[in-house]
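Visitor:
Protein chains: 2
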Amino acid sequence: MNTQSPSPRTQVKRSAHNASYEPALLHAILDAAWICHIAFGDAKGIHCIPTACWRSGEYLYIHGSNGSRMVRQLLEQECCVTVTHVDGLVLARAAFNHSMNYRSAVIYGRFELVEDAGKRAALDAFMAHLVPGREHEARPGNDREFAATTVLRLPLAEAACKTRTGPPKDDEADLALPVWAGVLPLRAAGGVPVPAEGCTTPAPAYVSGWQDRPDN
Amino acid sequence: MNTQSPSPRTQVKRSAHNASYEPALLHAILDAAWICHIAFGDAKGIHCIPTACWRSGEYLYIHGSNGSRMVRQLLEQECCVTVTHVDGLVLARAAFNHSMNYRSAVIYGRFELVEDAGKRAALDAFMAHLVPGREHEARPGNDREFAATTVLRLPLAEAACKTRTGPPKDDEADLALPVWAGVLPLRAAGGVPVPAEGCTTPAPAYVSGWQDRPDN
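Sequences listed follow chains A and B, in order. Just so you know, we're using the working numbering here: the first sequence kicks off at 1 and counts up by one. Just so you know, we're using the working numbering here: the second sequence kicks off at 217 and counts up by one.
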């Protein structure tokens, strides 16, 4: 893959010290995501649509109904897919120096259709991404269900990451001001699992441990 | 505002039962957001860029450096701005019926420049959105800082929301399968505040109470 050298589109110009083209960082940002936002155009204009995503190897995958407008459009044009995690509010002494800590990944390219042979494995990988282990427990898709689902994948060949971490950066002149400064962390935390009505099956480990995940 | 009747662009077609054009829901989704994703085009293609946002009245606001490519482009064209909250993973008995609970808002339109007279009030509102009360404590912007900052606002006139809540919807034939089903909730939770090195000012209530916010 060539994400270690930016293209004209992925060359970060604003706060370029926060940019990275490292595949390991790109993978980590994508693997921590439940959803991405996809920007694409059609006759009505430009759209920004959220959808579930998962990574396998050097591709980002999405799925949709066969009839979806977005699925049809994405096969016909280049698009831009972005994943963003907000990690904290950065409170500086001066209003102007407030910021956020975040990790974001932007990918440019064209989605390609995942043919039938790869579709089932891709959807298993999706389930394993959401809740590892459940791909062996849930009732697998049948032919009708697989036929109704389109899976697309986007090569990670043209991508850039941008991150900010750490404390606020105040001007020297502001450091003595009697204003609290620091970071208010944020994270995607799990809440108490809610069993469906009538569910008598004991909770598996990925449910009972939902609130104990490392990033919780 | 006319968000109660969809435009050709905001008419939700896919899972239309999940769509809403209610201003109160739109406001709630935007007010719970730290960031939005903005889709816009330029000579290099279509981009999807995350940025901080806040709502005042019937506008969504963003800010940026004067020289930002996005700021320049957004004043010259229509765009699409999306806010998405992932509220939980929905685990059905069948792989095919898995879903996510979420709240999303999609807004179409053209950003307009907030002139100097409104800029300071808008940036105060931004601070009050991030950490209510802090707009009275942080060192206010000076003329140089305000001059370096561009504030834009987008009317909420053409917008749609889409949400999913509640339990999985399994096919009747799958209900008796011995597979746990239910919802794994997710939320943006606050972590332990991290004071900046050298900060001796006691933590104000919005810092000491960061982990006790209602949505934590």
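We put the beta carbon where it would ideally sit given N, CA and C, even for glycine.
Given a cut-off of 8 Å, decide if B/S284 and A/R14 are closer than it, judged by their beta-carbon atoms.
Guide: Yes, they are a contact pair.
Visitor: For A/R110, go through chain B and note every residue whose CB falls closer than 9 Å to its CB, in chain order.
Guide: Neighbours of A/R110 on chain B: none; closest Cβ ~11 Å, over 9 Å.
Visitor: Got a sec? Which residues, its chain only, sit under 8 Å from A/P204 by beta carbon, not counting five neighbours each side?
Guide: Closer than 8 Å at the Cβ level, and outside the excluded window around A/P204, lie G133, R134, E137.
Visitor: In the DSSP assignment, what residue or residues form a beta bridge with B/G334?
Guide: For B/G334, which the question treats as bridged, DSSP gives no partner whatsoever.
Visitor: Among B/I278, B/H279, B/G398, which residue has its Cα nearest to the Cα of A/T201?
Guide: Selected option, being the one with the closest Cα: B/G398.
Visitor: Counting only the same chain and skipping the five closest in sequence on each side, list residues whose C-beta sits under 7 Å from that of B/K378.
Guide: Once the five neighbours on either side are set aside, the close Cβ partners of B/K378 are V228, N234, A235, S320.
Visitor: Shorter than 8 Å from the beta carbon of B/P224 to some beta carbon of chain A?
Guide: Yes, because at least one Cβ of chain A sits closer than 8 Å to the Cβ of B/P224.
Visitor: Nearest-angstrom Cα distance between B/G414 and B/V302?
Guide: Approximately 36 Å between the Cα atoms of the pair.
Visitor: Note the first and the last residue of the continuous alpha helix (DSSP H) segment covering B/L242.
Guide: B/L242 -> alpha helix (DSSP H) spans 239 to 247.
Visitor: Quick check on B/R288 - is its C-beta less than 8 Å from some C-beta in chain A?
Guide: Chain A, which has no Cβ nearer than 8 Å to the Cβ of B/R288, makes this no.
Visitor: Can you give me the Cβ contacts of B/S272 inside the same chain, cut-off strictly under 6 Å, excluding the 5 residues immediately before and after it?
Guide: Taken in chain order, the residues that qualify are A341.
Visitor: Report yes or no: is there a C-beta of chain B within less than 8 Å of the C-beta of A/I255?
Guide: This structure cannot speak to residue 255 of chain A, because chain A is shown only from 1 to 216.
Visitor: May I ask which residues mark the beginning and end of the alpha helix (DSSP H) holding A/F146?
Guide: Looking at the DSSP string, the run of the alpha helix (DSSP H) that includes A/F146 is 143 to 147.
Visitor: In whole angstroms, what separates the C-alpha of B/V322 from that of A/A176?
Guide: Going from the Cα of B/V322 to the Cα of A/A176 covers about 43 Å.
Visitor: Given a threshold of 16 other Cβ atoms within 10 Å of its Cβ, counted over all protein chains shown, does A/T3 qualify as buried or as exposed?
Guide: Confidence at A/T3 is low in this model, with a pLDDT of 48, below 50, so the placement of that residue should be treated as unreliable; the coordinate-derived value is given next. So A/T3 ends up on the buried side.
Visitor: Cβ closer than 7 Å: which chain A residues qualify as neighbours of B/D390?
Guide: Residues of chain A passing the Cβ test: R139.
Visitor: From A/A94 to B/N358, what distance separates their C-alpha atoms?
Guide: Each residue's Cα considered, the two are about 10 Å apart.
Visitor: Within 10 angstroms of its Cβ, does B/V423 collect 16 or more other Cβ (buried), or is it exposed?
Guide: So B/V423 counts as buried.
Visitor: Of all Cβ atoms in chain B, is any one closer than 8 Å to the Cβ of A/C161?
Guide: For A/C161, the answer is no, since every Cβ of chain B falls outside 8 Å of its Cβ.
Visitor: Need the endpoints of the beta strand (DSSP E) that A/V83 sits in, please.
Guide: Unbroken beta strand (DSSP E) run through A/V83: 79 to 91.
Visitor: Using a Cβ cut-off of 8 Å (strictly closer), state whether B/A404 contacts chain A.
Guide: Interface residue, yes.
Visitor: If you draw a straight line from the alpha carbon of A/R9 to that of A/D31, how long is it in whole angstroms?
Guide: Approximately 23 Å between the Cα atoms of the pair.
Visitor: What is the DSSP secondary structure of A/D42, counted as helix, strand or coil?
Guide: Of the three classes helix, strand and coil, the one that applies to A/D42 here is strand, per DSSP.
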